[in-house]
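Taking it in order: structure first as structure tokens, then the write-up.
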Amino acid sequence: MSVRPPQSVRQFHLTDSGFNVLEYELMAERASSLGRHGLKVETALAELQAWSPERQSTGERENLVNMAADAVWAFFIQREICGLKNGRDLIQRYAIPSEVLARVGVVRRQE
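Each residue of the sequence shown is one higher than the one before, counting from 9 in the numbering used here.
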């Protein structure tokens, strides 16, 4: 009599099914993309925090806030694709300012 492990503990790379190999690759790509988006959020928030009124104009600050909001929005979308619906932990972990959160999802007109 042969015994097979339960599906929940089975590893994707040990199976011969092409679907499981593809699913494993898709999960790896989702995780990688999530990491890249997280780095973009960190970078955008660091640039916003480094803004100084003595060295830069208020217009540059507006641009930095918009860039941070766009990065956070893309990160929220990527998290939803990965099945992570709640963004509260993300807001706390990255200390996203309310000014940025207020602009998440806002589509600005190009002039």
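Note that CB positions come from ideal geometry on N, CA and C, so glycine has one too.
Problem set entry | residue 35 versus residue 50: straight-line alpha-carbon distance, rounded | 23 angstroms
Problem set entry | CB of residue 79 within 8 angstroms of CB of residue 58, strictly | no
Exercise. Less than 8 angstroms separating the beta-carbons of residue 98 and residue 87?
Worked result: yes
Exercise. From which residue to which residue does the alpha helix (DSSP H) around residue 71 run?
Worked result: 66–89
For this session: Answer with buried or exposed for residue 54, where buried requires no fewer than 16 other C-beta atoms within 10 angstroms of its C-beta.
Result: exposed
For this session: Could you give the DSSP three-state label for residue 38: helix, strand or coil?
Result: helix
Exercise. Going by other Cβ atoms of all chains shown within 10 Å of its Cβ, with 16 needed for buried, is residue 39 buried or exposed?
Worked result: exposed
Exercise. Which first and last residues belong to the alpha helix (DSSP H) in which residue 100 is found?
Worked result: 96–102
Exercise. Which residues mark the beginning and the end of the alpha helix (DSSP H) in which residue 107 is found?
Worked result: 106–109
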